[in-house]
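One structure is given below, encoded as structure tokens.
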Amino acid sequence: MTDTDPTGCRTTRSTRSCTSASIAERTQEEDAVNCISVEKGEETFIHGEKHEVEFIDIPESPSPVGSIPSNTRASLGKARRKLSVVSTNALVDGIHDIRLDETLNVDKQKGSVLPCLVSAYAGKSQKGFAPYHRRKKNQDALIMAEEPHTSTLFFCVLDGHGEFGELVSGFFQREMARNLFAHDHFEQDPRRAVIEVVAALESALVQDRRIDTAFSGTTLTAVLLRGDRVLVFNVGDSRVTVALHDAPNTADASVSSTSRESSMPMKKETLACTPSKARGLSFLSRRSLSLSAASNSPSPPTPPLRSIRLSIDHKPDVAAEKARILAANGRVFAVRYDDGVDGPARVWLKDLDVPGLAMSRSLGDVVAHTVGVSSEPEVFEYTLDSARDVFLVLATDGLWEFMSDAEVVRMVGVAKDPQEAVETLIKEANTRWLKEEQVVDDTTVCVAFLGEWRK
């Protein structure tokens, strides 16, 4: 069955097509950005700290893509250059939506009751901040689910983007775990089950007339744990890293890719963790699962740790990813802003400067997928060692944009429990976003303690 939407885009279960003419017509019709203008110098409070924010006045009728007026391009560019999609077009950007979103954060922590190496885990999805879109929605989503019959833990972070990004990520958040656990091959072949469920859900999504996926999509990065086996599935630029003891008597760790193509070699980092002052954050006890105040006593000494990245960031300038996009008549280049600083490499159509997607794989994004953006998950396998591995960190790029794997592992390494680790990481990530870009990206973090770590 083939559906045709008003733009001329056609979607089927196996194919997507969109003509440049239909896209151009659509962008011309919907090229109006309605944004509330506010006085500069207004103050906002983030994590209890006062910040003076310079709000940006966006013209009601922006110039065509590629010719942003110089008086707004610099400030708008600085504020958005690190985000997933850039355009002066409301259809792509989605910054005209002024519906109030009261759901700012989603968080959860518990001790694992399954017979696996995870002793406790926590996760949180926090809405970001944009001075030009004060009522923005949280387009990130988080899944933490247990399947007792197979003793499986399933963690997943999703980073939506575009006008309806929160609907796309929310769709997978609602449907992913229940469809996965019900899949015929989930018990015997979980790798196959995840890949087939992702493909089936994306097919259903792009045919759903209630969600416009022409310029909206999401990343998906998932971790499936069963016993000592870890399967990582990645579509986009969210990331998974594991921390392990950096000691000579620990076993070697390795990650293997089971995908048809691997984008680039794994990155290994070595670091030394040192104790820090107690942060006074609240945490959830493993035994009682009730909130209590963190102790003011110093954190226990932490042995040296190193990290191994269990996923690959799917960026358009990665050689294998770029080759696929160019072969599909797409273009890959970064936008240079008036301050002379380039943003990240982005994907563009052959004849139009849209969509400007900052990743080479995603779910949804019908237009970008016509020029080589892929929805195929890259799969990695890792075997946990209780004497070597200490915790896992899974997060959207709101965390990783300005923090290295080494810094993240260092901060988690001195936390007393997963919830303290999550809160600390999100607070630090938000602080760095405000310092660097004048905006804060939505940030979702999941931390899982392994074995006897911090017991």
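The sequence shown: position 321 = 321 (the UniProt record's numbering), numbered continuously. Note that CB positions come from ideal geometry on N, CA and C, so glycine has one too.
Are the CB atoms of residue 221 and residue 238 within a distance shorter than 8 Å? Position 238 of the sequence shown, counting from 1, holds the residue named residue 238. Position 221 of the sequence shown, counting from 1, holds the residue named residue 221. Cβ distance < 8 Å, so residue 238 and residue 221 count as in contact.
Let me know if residue 452 comes out buried or exposed under the rule of 16 or more other beta-carbons within 10 Å of its beta-carbon. Taking the sequence shown and counting its residues from 1, the one referred to as residue 452 is at position 452. Exposed, by the Cβ-count rule.
Decide yes or no for the touch test of the segment 440-449 against the segment 116-135: beta carbon pairs closer than 8 Å, at least 3 of them. yes
Whole angstroms is fine: what's the gap from residue 435's alpha carbon to residue 394's? As a working mapping, residue 435 is identified with position 435 in the sequence shown. As a working mapping, residue 394 is identified with position 394 in the sequence shown. Rounded to whole angstroms, residue 435 to residue 394 spans 23 Å at the Cα level.
Residue 218 and residue 159: beta carbons closer than 8 Å? Within the sequence shown, numbered from 1, the residue matching residue 218 stands at position 218. Within the sequence shown, numbered from 1, the residue matching residue 159 stands at position 159. In this structure, residue 159 lies closer than 8 Å to residue 218 by Cβ.
Buried or exposed by the 16-neighbour rule on C-beta atoms within 10 Å, applied to residue 341: Position 341 of the sequence shown, counted from the first residue, corresponds to residue 341. It counts as exposed.
Roughly how many angstroms lie between the CA atoms of residue 181 and residue 201, to the nearest whole one? The residue given as residue 181 occupies position 181 in the sequence shown. The residue given as residue 201 occupies position 201 in the sequence shown. Taking the straight line joining both Cα atoms gives about 14 Å.
Three-state secondary structure assigned by DSSP to residue 378: Within the sequence shown, the letter at position 378 stands for residue 378. Looking at residue 378 - three-state DSSP - the assignment turns out to be strand.
Element boundaries [beta strand (DSSP E), containing residue 144]: Here residue 144 refers to the residue found at position 144 of the sequence shown. 140-147 is the span of the beta strand (DSSP E), which, as asked, contains residue 144.
When 165, 338 and 345 are compared against residue 321, the one with the closest alpha-carbon: Along the sequence shown, read from residue 1 onward, the residue named residue 321 stands at position 321. When each option's Cα is compared against that of residue 321, the closest is 345.
Kindly say whether residue 222, judged by its beta-carbon, lies nearer than 8 Å to any beta-carbon of chain D. Considering every chain present, this structure includes no chain D. It has just one protein chain.
Starting from residue 442, trace the beta strand (DSSP E) both ways and give me its first and last residue. Working through the sequence shown from its first residue, we reach residue 442 at position 442. No beta strand (DSSP E) holds residue 442; DSSP gives it neither H nor E.
Which same chain residues end up closer than 7 Å to residue 328 when comparing Cβ atoms and leaving out the 5 residues on each side of it in sequence? One-based indexing of the sequence shown puts residue 328 at position 328. Excluding sequence neighbours, residue 328 sits near 371 and 372.
Since I believe residue 132 is in contact with residue 449 (beta carbons under 8 Å), could you give me their beta-carbon distance rounded to a whole number of angstroms? Taking the sequence shown and counting its residues from 1, one reaches residue 449 at position 449. Taking the sequence shown and counting its residues from 1, one reaches residue 132 at position 132. About 39 Å; that fails the 8 Å criterion.
Look at the alpha carbon of residue 216 and the alpha carbon of residue 403, and state the distance between them as a whole number of angstroms. In the sequence shown, residue 216 corresponds to position 216, counting from 1. In the sequence shown, residue 403 corresponds to position 403, counting from 1. Rounded to whole angstroms, residue 216 to residue 403 spans 26 Å at the Cα level.
DSSP state of residue 402 mapped onto helix, strand, coil: Mapped onto the sequence shown, residue 402 falls at position 402. If DSSP states are grouped into helix, strand and coil, residue 402 belongs with coil.
Which word fits residue 421, buried or exposed, when buried means at least 16 other C-beta atoms lie within 10 angstroms of its C-beta? Start at 1 with the first residue of the sequence shown, and residue 421 comes out as number 421. Answer is buried; the Cβ neighbour count reaches 16.
Distance check for residue 176 and residue 368, CA to CA, integer angstroms please. As a first step, residue 368 is located in the sequence shown; it is residue number 368 there, counting from the start. As a first step, residue 176 is located in the sequence shown; it is residue number 176 there, counting from the start. About 23 Å.
Under 8 Å: do the segment 346-353 and the segment 155-175 share three or more Cβ pairs, one atom per stretch? no
Give the range of the alpha helix (DSSP H) segment to which residue 151 is assigned. The sequence position of residue 151 within the sequence shown is 151, counting from 1. Neither: residue 151 is in no alpha helix (DSSP H) and is coded neither H nor E.
Thinking residue 315 and residue 360 are a contact (beta carbons under 8 Å), I'd like their distance in whole angstroms, please. Here the question's residue 315 lines up with position 315 in the sequence shown. Here the question's residue 360 lines up with position 360 in the sequence shown. That belief holds up - the Cβ atoms of residue 315 and residue 360 are roughly 6 Å apart, short of 8 Å.
Does DSSP put residue 224 in a helix, a strand or coil? Locating residue 224 in the sequence shown gives position 224, where the first residue counts as 1. If DSSP states are grouped into helix, strand and coil, residue 224 belongs with the strands.
Roughly how many whole angstroms lie between the Cα atoms of residue 136 and residue 438? Position 136 of the sequence shown holds residue 136. Position 438 of the sequence shown holds residue 438. Distance between the alpha carbons of residue 136 and residue 438 is about 15 Å.
4-residue-minimum alpha helix (DSSP H) runs that sit fully inside the segment 407-443, ordered along the chain: 418-437
How close, in whole Å, do the beta carbons of residue 380 and residue 311 come, if the pair is a contact with beta carbons under 8 Å? Taking the sequence shown and counting its residues from 1, one reaches residue 380 at position 380. Taking the sequence shown and counting its residues from 1, one reaches residue 311 at position 311. The pair is a contact, with the Cβ atoms about 6 Å apart (cut-off 8 Å).
Taking C-alpha atoms, which residue in 173, 197 and 171 lies nearest to residue 183? On the sequence shown, position 183 is the one that residue 183 refers to. The shortest Cα separation from residue 183 among 173, 197 and 171 belongs to 197.
Provide the residue(s) that pair with residue 241 in DSSP beta bridges, ordered along the chain. By one-based count along the sequence shown, residue 241 stands at place 241. According to DSSP, which records beta bridges pairwise, residue 241 is partnered with 309 and 393.
Note down, one range per segment and in chain order, each alpha helix (DSSP H) of at least 4 residues found wholly within the segment 345-378. 366-369
Separation of residue 129 from residue 226, as counted between CA atoms: Stepping through the sequence shown from its first residue, residue 226 is reached at position 226. Stepping through the sequence shown from its first residue, residue 129 is reached at position 129. Those two C-alpha atoms are separated by around 37 Å.
Where residue 119 falls: helix, strand or coil (DSSP): In the sequence shown, residue 119 corresponds to position 119, counting from 1. Residue 119 falls in the strand class under three-state DSSP.
May I have the straight-line CA-CA distance separating residue 118 from residue 357, to the nearest angstrom? Residue numbering aside, residue 118 sits at position 118 when the sequence shown is read from its first letter. Residue numbering aside, residue 357 sits at position 357 when the sequence shown is read from its first letter. In a straight line, the C-alpha of residue 118 is about 35 Å away from that of residue 357.
Assuming residue 153 and residue 190 are in contact, meaning their beta carbons sit under 8 Å apart, how far apart are those beta carbons, in whole angstroms? The count along the sequence shown starts at 1 and reaches residue 153 at position 153. The count along the sequence shown starts at 1 and reaches residue 190 at position 190. So it is not a contact: roughly 11 Å between Cβ atoms.
Please report how far the alpha carbon of residue 401 lies from the alpha carbon of residue 412, in whole angstroms. Along the sequence shown, read from residue 1 onward, the residue named residue 401 stands at position 401. Along the sequence shown, read from residue 1 onward, the residue named residue 412 stands at position 412. C-alpha separation (whole angstroms): 17 Å.
In the DSSP output, what is residue 161 paired with across the bridge? Within the sequence shown, residue 161 is the residue found at index 161, counting from 1. Note: residue 161 sits in a beta bridge opposite 217.
Give the straight-line distance between the Cα atoms of residue 325 and residue 333, rounded to the nearest whole angstrom. On the sequence shown, position 325 is the one that residue 325 refers to. On the sequence shown, position 333 is the one that residue 333 refers to. For residue 325 and residue 333, the distance between alpha carbons rounds to 11 Å.
Same chain only: Cβ atoms within 6 Å of residue 171, ignoring 5 sequence neighbours per side: Counting from 1 along the sequence shown, the entry for residue 171 is found at position 171. The answer, listed in chain order, is 205.
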